[in-house]
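Asker: Have a look at this one.
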Amino acid sequence: MWSYRLNRRRSGKPNKVARRIATGIAGVGSPGLACDRRQAISAAIAGMGLLIGLRFSLTGSAMAEAPTGTAASGDGRPREIGSGVFVHRGQLGVYTPGNGGDICNTGFVIGADAVAVIDTGGTAAVGRALRDHIRSLTDRPIRYVINTHMHPDHVLGNAAFKADNPAFVGHGKLGAALTARAERYLAFNMQAVGAEAFEGTEIIVPTVAVASSQSIELGGRRLTLTARPTAHTDNDLTIHDSATDILFTGDLIFSGHVPTLDGSIRGWLALLDTLAGQSVKQIVPGHGPAAMPWPDAARPVQRYLGAVAGGVRAAIREGRTMSDAIATVAREEQDQWELFDEFHGRNISAAFAELEWE
Ligand SMILES: [Zn+2]
Numbered sequence: 151m152w153s154y155r156l157n158r159r160r161s162g163k164p165n166k167v168a169r170r171i172a173t174g175i176a177g178v179g180s181p182g183l184a185c186d187r188r189q190a191i192s193a194a195i196a197g198m199g200l201l202i203g204l205r206f207s208l209t210g211s212a213m214a215e216a217p218t219g220t221a222a223s224g225d226g227r228p229r230e231i232g233s234g235v236f237v238h239r240g241q242l243g244v245y246t247p248g249n250g251g252d253i254c255n256t257g258f259v260i261g262a263d264a265v266a267v268i269d270t271g272g273t274a275a276v277g278r279a280l281r282d283h284i285r286s287l288t289d290r291p292i293r294y295v296i297n298t299h300m301h302p303d304h305v306l307g308n309a310a311f312k313a314d315n316p317a318f319v320g321h322g323k324l325g326a327a328l329t330a331r332a333e334r335y336l337a338f339n340m341q342a343v344g345a346e347a348f349e350g351t352e353i354i355v356p357t358v359a360v361a362s363s364q365s366i367e368l369g370g371r372r373l374t375l376t377a378r379p380t381a382h383t384d385n386d387l388t389i390h391d392s393a394t395d396i397l398f399t400g401d402l403i404f405s406g407h408v409p410t411l412d413g414s415i416r417g418w419l420a421l422l423d424t425l426a427g428q429s430v431k432q433i434v435p436g437h438g439p440a441a442m443p444w445p446d447a448a449r450p451v452q453r454y455l456g457a458v459a460g461g462v463r464a465a466i467r468e469g470r471t472m473s474d475a476i477a478t479v480a481r482e483e484q485d486q487w488e489l490f491d492e493f494h495g496r497n498i499s500a501a502f503a504e505l506e507w508e
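The opening residue of the sequence shown carries number 151 in the numbering used here; numbering runs sequentially from there.
Laid out in structure tokens, this is it:
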């Protein structure tokens, strides 16, 4: 077991992360930050030859003066959307002290023999609240903690389940993706939510990597995990429950919250085309209602991504700049989504960078 910690130095001088937080520039699009450490991590991984058990942690001790956060709040207890399938709906928003990082959907599936958790929320505290809900319903062992993809609001609650000693399961590319962003995710989100609310939060990379498809038996029901080609991210994993015909899509589907692009817009549109042709009873989106009908839930996302791709392609064809594209493309979508101003410009930038090389 190899653990990675960023504590305050004995001299009392804040370390690099704490200094960046203090100056308010933590993790803002700075690929060069802490590259020494990342290289060290990569070298260690290469030396180990495997990702199993690799953990990163950041204690709250270096951030005594950060704003005080609140405990994980959310909108109450998880809802049972199908027999033994529970979903907790996160709040709409980005990480703030007010929401405690409880901003995405999390869930769990209870089988006759074991429990599988699907995403764990944005801090260890959010994960602990989810675990408390599970324990109020069943004492069956929590054998699997599955992450739908790399984004911090979905994975940073993993540490709450360490004592259960589960298999941590993700897409084959999840471990490398999390490793590359570990320090930035921890520093940036601790700053956003406050050190107290972030206490105990770690990045835990998968101990089981799904290369294409894998089944998990929970007793009387089977989960089928499918690693998807690059779409929302390069490590999207879907989870289908055989007993209820419910599909957890992660952030392949957003509702309310505008979709965010961190993978490939062409890949995402192609994947949604494929998935929309498949029949499932309900889906659980990464953000939005606990359960949604399928393929209806895909339509607004397809419409938005289609408008972005079409508009960006036209802008490129006409020789317009990226900043002009950001100001003009798919503005008709603005009233259809929440958090549009926070993410739409970045989506256009990402699509522009991808599509100008078509
Ligand atoms: Zn995401």
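Cβ coordinates follow ideal geometry from the N, Cα and C atoms, glycine included.
Using the C-alpha atoms, what's the distance from G344 back to T246?
Answerer: Straight through space, the alpha carbons of G344 and T246 are spaced by roughly 8 Å.
Asker: Pull the bridge partners of G369 from the DSSP assignment, please.
Answerer: Answer is none; G369 lacks a bridge partner.
Asker: What distance in whole Å lies between the Cβ atoms of L368 and A266, which are believed to be in contact at a cut-off of 8 Å?
Answerer: 6 Å
Asker: In this structure, how does DSSP classify A309 when only helix, strand and coil are distinguished?
Answerer: helix
Asker: Measure the alpha-carbon distance for I354 versus L306 and round it to whole angstroms.
Answerer: 8 Å
Asker: Express the C-alpha separation of A342 and G248 in angstroms, rounding to a whole number.
Answerer: 10 Å
Asker: Using three-state DSSP, classify D386 as helix, strand or coil.
Answerer: coil
Asker: Quick check on the DSSP output: the alpha helix (DSSP H) that includes L402 runs from which residue to which?
Answerer: L402 -> not in any alpha helix (DSSP H); beta strand (DSSP E) instead, spanning I396 to F404.
Asker: To which residues does DSSP link H407 through a beta bridge?
Answerer: E488, per the DSSP bridge assignment.
Asker: Between N559 and the rest of its own chain, which residues show a CB-CB distance below 6 Å, the 5 nearest in sequence each way excluded?
Answerer: Residue 559 is absent from the structure shown; the chain starts at 151 and stops at 508.
Asker: Do I268 and I296 have their beta-carbon atoms positioned less than 8 Å apart in this structure?
Answerer: Closer than 8 Å, so yes.
Asker: Please list, in chain order, all residues of the same chain as F318 whose beta carbon is under 6 Å from its beta carbon, the five residues on each side excluded.
Answerer: If we look at F318 and ignore the five residues flanking it on each side, its Cβ neighbours are V295, I354, P356 and T357.
Asker: Does the beta carbon of H301 fall short of 7 Å from some heavy atom of ligand 1?
Answerer: yes
Asker: Tell me, which residues are paired with A317 by DSSP?
Answerer: Y294
Asker: DSSP on E506, reduced to helix/strand/coil?
Answerer: Coil at E506, not helix or strand.
Asker: Check whether the stretch 477-485 and the stretch 453-461 touch, using three or more Cβ-Cβ pairs below 8 Å as the test.
Answerer: yes
Asker: Using only alpha-carbon positions, find the residue among D289, G272, T329 and A313 that is nearest to N348.
Answerer: It should be noted that the sequence gives Phe, not Asn, for residue 348. Closest option to F348, Cα to Cα, is G272.
Asker: What does the Cβ neighbour count give for R449, buried or exposed, with the cut at 16 atoms within 10 Å?
Answerer: exposed
Asker: Looking at C-beta atoms only, is the number of pairs between the stretch 230-244 and the stretch 430-444 that lie closer than 8 Å three or more?
Answerer: The stretch 230-244 is in contact with the stretch 430-444.
Asker: Is any heavy atom in ligand 1 found nearer than 7 Å to the beta carbon of T478?
Answerer: no
Asker: Based on Cα-Cα distance, which residue from G261, H390 and A359 lies nearest to T429?
Answerer: Looking at the sequence shown, residue 429 is not Thr but Ser. With distances taken between Cα atoms, S429 lies closest to H390.
Asker: Can you give me the start and stop residues for the beta strand (DSSP E) that I354 sits inside?
Answerer: E352 to I354
Asker: Given this structure, state the Cα-to-Cα distance separating S414 from R290, to the nearest angstrom.
Answerer: Cα to Cα, S414 sits roughly 39 Å from R290.
Asker: Look at L397 and I366 and say whether their C-beta atoms are less than 8 Å apart.
Answerer: no
Asker: Say yes only if the C-beta of H382 is nearer than 7 Å to one or more non-hydrogen atoms of ligand 2, and no if none qualify.
Answerer: With respect to ligand 2, the structure shown offers nothing to examine, as its ligands consist of ligand 1.
Asker: Does ligand 1 have a heavy atom nearer than 7 Å to the CB of H321?
Answerer: H321: no, Cβ never under 7 Å from ligand 1.
Asker: Residue ranges of each beta strand (DSSP E) run of no fewer than 3 residues wholly in the stretch 234-292, ordered along the chain?
Answerer: 235-238, 256-260 and 265-268
Asker: Distance, Cα to Cα, G243 vs G261?
Answerer: 32 Å
Asker: What three-state label does DSSP hand R449 in the structure shown?
Answerer: helix
Asker: Rounding to the nearest angstrom, what Cα-Cα distance links V276 and G251 in this structure?
Answerer: 7 Å
Asker: Please work out which residues of its chain come closer than 7 Å, Cβ to Cβ, to R278, disregarding the five sequence neighbours upstream and downstream, and give them in chain order.
Answerer: A310
Asker: Return the bridge partner residues of E230 from the DSSP annotation.
Answerer: F236
Asker: For a test of the three-state rule: what should DSSP assign to A501, helix, strand or coil?
Answerer: Here A501 sits in helix by DSSP.
Asker: Starting from Q432, trace the beta strand (DSSP E) in both directions and tell me its first and last residue.
Answerer: Looking at the DSSP string, the run of the beta strand (DSSP E) that includes Q432 is Q432 to H437.
Asker: Whole angstroms is fine: what's the gap from T478's alpha carbon to Q452's?
Answerer: 19 Å
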